[in-house]
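**Student:** My questions all concern the structure below.
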Amino acid sequence: MATKRTPRLVLMDEDLSVAEAGMEQLSSVRSGLKAEDAVMSLISADEIGEDSALVTEEINTVAVELTDKEARDLEKKSGVAVVEDDVWNHASGDLDENLGDIVDEDPDATAEVDDAHIVTEDNVDELSDAEMAAYAADAVNLEFDEPEIDFDEAGQAFALSAVGDPTVSDTAEMAGIDRKKLYKFIRCVVKCAMTELADAKAEDVDEAMVARIMSEQGVSGDDVSTQAIRDYITCGLRIIYAPLAWRYSTGAGARVAIVDTGIAPRHPDLRVYGGASFVPGVRSWADDHGHGTHVAGTVAALANNRGVVGVAPHARLYAVKVLNSRGSGRSSWIINGLVWCYRNRMHVANLSLGSRVTTHDPRVYSAAYERAGRLLRQRGILSVAAAGNDNGPVGNPARCPSFLAVSAVDCNRRRASFSNFGRQVELAAPGVDVWSTYPQTGYRKLNGTSMACPHVAGVAALIKRRHPSWHGDRIRVHMWRTATDIGPSGRDVAYGFGLVNAYRAVR
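Count along the sequence shown from 1, add 1, and you get the number used in my numbering.
Now the structure itself:
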């Protein structure tokens, strides 16, 4: 009986160039290329007989099928850093502006990110697994009722809830439109229509008349806040104060890659600027599952008086298809999608996906994902990943130090019972009963850290527009510092640094 081969990821030493080893660069699985030719030239293997290989030059990684013995033997070869399983992962704007590719290096922010993930023997067991699980269970019932105090431009203290109570569906006020001005506008529409039209029919009130009346009343029809009045502003947007943030930024020009199942190309509430597929045998980045389209809408559904509106409605969406029609994909597919993000200079990469792990030990994570994550960090790209939905340890890639891990809360700011927890969690975001776009032209309510993750990616896009030269690490640290601290003071295993706060992040 033949020994079974399974997909593996072979990570070469980082200072060993694939090109120097004489290998042809590949960005996807290529039929007909003998794996033994590729791998033998790089790692002196002598018993590999598969018909396909995948090579990612930027991170010196080869994906190939190996037996357990071949994998053990390869790990002993000179030049080989790690061999790990290529596991299955699962799905857990109108303005044409270019923010440019200049990113200021920020050694302080980079050092802070690195320091936050330093693990030593002294601190690895700060909390036992049982203690973390008990705290996470208690957080499901946490009541958050402390008023959030901020300061307006005049320096006067005010409660954010007074501007727009997250529990009240007051979309106009939350969108940043003065209540008196809005009421005056509504009264004038009725009065002016009656005065000017006399016996005319209601359909005779055309767009030009409405635009003129709005202008006379000081309400701009081009403002995203006005455009969003008829969009459904979800409770998730309210509790992170995204509509208040639109006064300062709508994410225009920020490039956000949705690394997922793809995006529905003809959804009327989405605008996709490009993409690629890394699912073998699938050439189109169009969504054939639904998950990626839902995620994309939370990031950047348009403010167009229909459907829903995203956290950053003017951000640029890119579809990076790495999961198949069943919502699953190999780590190698996802890593190649991340390399595409690197090559195409994305600003933010959203990964609402992952694979399970069985330990809270922060020293255990995927070396291949971490290598890809470090590559993106070097280019200033922020990678945001879902913590996972197993009510257990944070999964890969979110648990890797180079990825910002996001847990989920409900609209009352309580930890979602399904949300993973652990030391890796950095921010929490809404992930329960989230309405968003769905193929082909519809909308659907979904739960998961997959839904929480794009709220954070959207806030990152708002910040990128507000501060175009900021490095991804600086955006990451800034979101930590401006988050709404819920739970115990400081960072904790359920909420990280707290609930992401769009308004404070862009003020």
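Quick reminder that beta carbons are idealized off the backbone N, C-alpha and C, glycines included.
#1: Quick check on the DSSP output: the beta strand (DSSP E) that includes arginine 380 runs from which residue to which?
#2: Please report the straight-line C-alpha distance between serine 356 and valine 395, rounded to a whole angstrom.
#3: What whole-angstrom Cβ distance do leucine 318 and isoleucine 234 have, given they're in contact under 8 Å?
#4: Nearest to asparagine 502 by CA position, among Arg327, Tyr444, Val460, Val385, is which residue?
#5: Count the other CB atoms within 10 Å of the CB of tryptophan 77; is the residue buried (16 or more) or exposed (fewer)?
#6: For the region 448 to 458 against the region 402 to 415, do three or more pairs of beta-carbon atoms, one drawn from each stretch, fall closer than 8 Å, so that the two count as touching?
#7: The beta strand (DSSP E) that contains lysine 446, what's its start and end?
#8: Let me know the secondary structure DSSP gives asparagine 142 once reduced to three states.
#9: Identify the residues that DSSP records as bridge partners of tyrosine 319: which are they?
#10: Using DSSP bridges, identify the partner residues of aspartate 86.
#11: Do you know how far the Cα of valine 385 is from the Cα of glycine 293?
#12: Which residue's Cα is closest to the Cα of threonine 442: Pro281, Val323, Leu271?
#13: Does the beta-carbon of glutamate 15 have 16 or more other beta-carbons within 10 angstroms, so that it is buried, or is it exposed?
#14: Please work out which residues of its chain come closer than 6 Å, Cβ to Cβ, to alanine 246, disregarding the five sequence neighbours upstream and downstream, and give them in chain order.
#15: Can you grab the Cα-Cα spacing for the pair alanine 304 / isoleucine 487, in whole Å?
#16: Please report the straight-line C-alpha distance between tyrosine 1 and aspartate 74, rounded to a whole angstrom.
#17: Judging by CA-CA distance, which residue of Gly80, Tyr496, Val280, Ile336 is the nearest neighbour of arginine 424?
#18: In the DSSP assignment, what are the bridge partners of isoleucine 264?
#19: Tell me the residue span of the beta strand (DSSP E) that contains glycine 473.
#20: Assign glycine 491 to one of two classes, buried (16 or more other C-beta atoms within 10 Å of its C-beta) or exposed (fewer than that).
#21: Shortest alpha-carbon distance to cysteine 412 belongs to which of Ala387, Tyr444, Ala430?
#22: How big is the Cα-Cα spacing for leucine 500 and glycine 311?
#23: Would the region 370 to 379 and the region 59 to 68 be scored as touching if the rule is three or more Cβ pairs under 8 Å?
#24: How should arginine 331 be labelled, buried or exposed, when 16 other C-beta atoms within 10 angstroms of its C-beta is the threshold for buried?
#25: My assumption, with CB atoms under 8 Å, is that glycine 86 sits in contact with arginine 6. Please give the rounded CB distance.
#26: Quick check on the burial criterion: 16 or more other C-beta atoms within 10 angstroms. Buried or exposed for glycine 237?
#27: From which residue to which residue does the alpha helix (DSSP H) around tryptophan 341 run?
#28: In angstroms, rounded to a whole number, what distance separates the CA positions of cysteine 454 and asparagine 351?
#29: Reducing DSSP to helix, strand and coil, say where arginine 357 ends up.
#30: Taking all protein chains shown into account, decide if arginine 482 is buried (16 or more other Cβ within 10 angstroms of its Cβ) or exposed.
#31: Can you give me the start and stop residues for the beta strand (DSSP E) that serine 451 sits inside?
#32: Rounded C-beta distance between valine 323 and glycine 308? I'm assuming under 8 Å.
#33: Among Asp493, Arg477, Val494, which residue has its Cα nearest to the Cα of alanine 110?
#34: Here's the rule: buried if 16 or more other CB atoms are within 10 angstroms of the residue's CB, otherwise exposed. What is threonine 360?
#35: DSSP three-state call for tyrosine 233: helix, strand or coil?
#36: Where does alanine 54 fall in DSSP's three states?
**Tutor:** Straight from the coordinates:
#1: Unbroken run through arginine 380: none, as it is neither H nor E.
#2: 9 Å
#3: So it is not a contact: roughly 19 Å between Cβ atoms.
#4: Val460
#5: Per the sequence shown, residue 77 should be read as lysine rather than tryptophan. Flag for lysine 77 reads exposed.
#6: yes
#7: Counted as a single uninterrupted DSSP element, the beta strand (DSSP E) harbouring lysine 446 occupies residues 443 to 447.
#8: coil
#9: Ala258
#10: Arg9
#11: Their backbone Cα atoms lie some 14 Å apart in a straight line.
#12: Leu271
#13: exposed
#14: Leu463, Ala503, Tyr504, Val507
#15: 30 Å
#16: Not covered by the structure: residue 1. The range shown for the chain is 2 to 508.
#17: Tyr496
#18: BP columns for isoleucine 264 point to Ala287.
#19: Not the beta strand (DSSP E): glycine 473 falls in the alpha helix (DSSP H), residues 473 to 483.
#20: exposed
#21: Ala430
#22: 17 Å
#23: Judged by pairs of C-beta atoms under 8 Å, the region 370 to 379 touches the region 59 to 68, as three or more such pairs exist.
#24: buried
#25: In the sequence under discussion, the amino acid at residue 86 is aspartate, which differs from the glycine named in the question. Not quite, the Cβ-Cβ distance comes to about 12 Å (not below 8 Å), so this is no contact.
#26: buried
#27: 332 to 344
#28: One Cα belongs to cysteine 454, the other to asparagine 351, and the distance between them is close to 7 Å.
#29: coil
#30: exposed
#31: Per DSSP, serine 451 belongs to no beta strand (DSSP E); it is in the alpha helix (DSSP H), 450 to 467.
#32: That belief does not hold up - the Cβ atoms of valine 323 and glycine 308 are roughly 26 Å apart, past 8 Å.
#33: Arg477
#34: exposed
#35: strand
#36: Residue confidence is low: alanine 54 scores 49 on pLDDT, short of 50, so the model does not pin down where it sits. No coordinate-derived value is stated.
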